[in-house]
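Per numbering that gives the first Met the number 0, residue 0 is the first one in the sequence shown, and the count goes up by one each step. C-beta atoms are modelled at their ideal positions from N, C-alpha and C, and glycine is treated no differently. The structure appears right after this line, and notes come after that.
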Amino acid sequence: MTVTTKWKTDLEIAQETKLKRIQEVANDLDLLEEELEPYGHYKAKISLDVMQRLATKQDGNVILVTAINPTPAGEGKSTVTVGLGQALHQLGKKVIIAMREPSLGPTMGVKGGATGGGYSQVLPMDEINLHFTGDLHAITTATNALAAFIDNHIHHGNELRIDVRRIVWKRAVDLNDRALRHVVVGLGGSTQGVPREDGFDITVASEMMAVFCLAHDLQDLKKRLSCIVVAYNVDNKPVTVGDLGVEGALTLLLKDAFKPNLVQTVEHTPALVHGGPFANIAHGCNSVIATKMAQKLGDYVVTEAGFGADLGAEKFFNIKARLAGIQPAAVVIVATIRALKMHGGVSKQELQNENVTALQAGLSNLQKHIETIQAFGLPFVVAVNRFVTDTEKEIATLIQFCEQHHYPVALTEVWEKGGQGGIDLAEKVLDIIENGTNRFAPLYDVNEPIPDKIRKIARIVYGAKDVQFTSKAQKQIDQFTELGWDRLPICMAKTQYSLSDDPAKLGRPTDFTITVRELKPSIGAGFLVALTGDVMTMPGLPKHPAALNMDIDEHGNAVGLF
């Protein structure tokens, strides 16, 4: 493996890689021919029949990759996920990577794709980052079909007595489009429907996506869809998809998308890329069906959860692992020197300069995330994801900090060197799985009152002093408790940039209060969403979106895609 990655873009590396035909990748997993549904030469869906055939096979070890609070500098969590999977593959382990599908919103906006980088990517990255196998389009269609069914029901007599002022189901599009946050539908006279206010969510923040990603099988998917609350009637009682009678139609729209997608990495390590909920709004993990299938097909599953441990990891443990019966084996906490320097007060423009003092100040952020993983009772390794601007003195300072506290740590160079750059990390992960202490347990009992669950997350995971509820949130807590929804897990919607609900408070803020301004029931998904700060379910594009750099050449190849 060469070390010229720094001179090439991710797209150039991807386009230079000679891929295996997807049938070859499937053969390495002992998949049967009839269990593979190819989408071209290098992508395929896997039949759900695999789960029945391998039902008695022992589940593989699940390794979760999380990170410190992200900054505009980037932490490379997806890159480390792929690199660790490749390293385990090089060590002769039967490993599968399980990741989320990228959203077109961030891809066309500012964040970029979600396929890793350098020599640690899942491929074909251009197709995965764009339309892939159409899963997100199917989820978007199901979301909008449900909206159409609601408005049609009202237009034709409103037998369910839906209060048109209290329709909570929104339409969706998988793009950042701020103009669609608040819209009016039904204009143009009585034949065009009933005029009302409406709005759009980005698809990856929708409950349809959350339901899709938490369902165990097609029947469970249909059951969860039927439980979705779409509105309230004139008596203030919830109206569900089951009341409308359209759960069967929605499941039919999602049946093909529900099959996990098989692709490969630069080094031909198999990867299941499926589902893509945001972690600052939704639960931020790939689909349960893909993770469970990966556990049956491999001995080790390397998966990731969005943003820092305060968001993705907390939700992976308290929501996904709980609902899916997953027992995590180990955690990798990704940290970068440049991000830690930003948490220590350095501006993005000054990151290329050595600053050990700022690095040391920023270590408090890493320390808090380590304490969070310890609170869940899991063994972990800190992965120092190396960037070319890191100095030897800065690297030594970070590693020394970990060693002084007896935290397992590995310098990781998977962006530049692929799996070879993650061998030390892989060996340390295997060691803690074999020899570490695993006392995994969620942080709260679902039967605890709603405020108590939220306070436990805020105090233990964020380090907050307390939680404050607006009068609106308190009324919703009372209503949800009366409806019997109080025994569901909590999905916190919070800024990813800070442990607090204020994105400007970097590092490890103290003596702060989290304000819950509103709660939303996601009964189909099986959790309650607690909205804090200014988190929006429909982002906007930046002044200079990434789309301005994208093009296509005369041969039909993507240009400028990262």
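Endpoints, beta strand (DSSP E) assigned at residue i
i	result
A328	P327 to A334
I161	I161 to I166
L498	Segment: none, L498 is in no beta strand (DSSP E) and carries neither H nor E.
M535	Looking at the DSSP string, M535 is not in any beta strand (DSSP E), and its letter there is neither H nor E.
V240	Taken as a continuous stretch (DSSP letters only), V240 belongs to no beta strand (DSSP E), being part of the alpha helix (DSSP H) at V240 to L243.
C490	I489 to A492
N364	N364 -> not in any beta strand (DSSP E); alpha helix (DSSP H) instead, spanning V355 to A374.
D29	Counting along the chain, D29 falls outside any beta strand (DSSP E), and DSSP gives it neither H nor E.
F199	F199 to I201
L296	Element bounds for L296: not the beta strand (DSSP E) but the alpha helix (DSSP H), V287 to L296.
Alpha-carbon spacing of residue i relative to residue j, whole angstroms
i	j	result
M571	L129	With the chain covering 0 to 561 only, the question about residue 571 has no answer from this structure.
K19	Y41	7 Å
T4	E415	Note that T4 scores a pLDDT of 41, beneath 50, so its modelled location is shaky and nothing firm can be said.
H136	A360	44 Å
I325	G305	18 Å
P441	F316	6 Å
E11	G112	15 Å
A248	L28	33 Å
V64	V233	46 Å
P541	D173	16 Å
L251	T411	44 Å
K92	I431	16 Å
M98	N285	6 Å
V183	V228	21 Å
G73	D48	39 Å
F386	P488	37 Å
For residue i, the nearest candidate out of the options (CA to CA)
i	options	result
K169	F148, D197, V193 and F211	D197
P508	N354, N157, R337 and N68	N68
A457	I476, K493, A328 and Q14	K493
V79	L30, T106, G117 and I45	G117
V563	V331, I369 and G418	In the structure displayed, the chain extends from 0 to 561; residue 563 sits before or after that span and is not available.
L31	G39, Q22 and Y38	Q22
F479	L252, L350, K504 and S521	S521
P105	Y299, Q467, A278 and D48	A278
L641	I227, G311, G115 and L322	Residue 641 falls outside the range modelled here, since the chain spans only 0 to 561, and no answer is possible.
T139	T114, V94, S102 and I476	S102
C226	K236, N235, G241 and H215	G241
P237	H554, T55 and G523	G523
Buried or exposed (CB count within 10 angstroms, at least 16 for buried), residue i
i	result
V287	buried
K258	buried
Q218	exposed
N446	exposed
L482	exposed
G133	exposed
V210	buried
D444	exposed
D477	exposed
P448	exposed
P71	exposed
A281	buried
Endpoints, alpha helix (DSSP H) assigned at residue i
i	result
S521	No alpha helix (DSSP H) holds S521; the beta strand (DSSP E) holding it covers T512 to S521.
S563	A query on residue 563 cannot be resolved here, the shown segment of the chain reaching from 0 to 561 and no further.
D134	D134 to H154
D423	I422 to N434
M549	Per DSSP, M549 belongs to no alpha helix (DSSP H) and is neither H nor E.
Q14	D9 to E15
CB contact below 7 Å: residue i versus chain D
i	result
N556	In the structure shown, chain D cannot be found, because there is only a single protein chain.
The segment 338-346 in contact with the segment 356-371 per 3-pair CB rule at 8 Å
yes
Flag this pair as touching only if the segment 57-65 and the segment 284-301 have three or more C-beta atom pairs under 8 Å; answer yes or no.
yes
At least three beta-carbon pairs within less than 8 Å, the segment 198-208 to the segment 498-514
no
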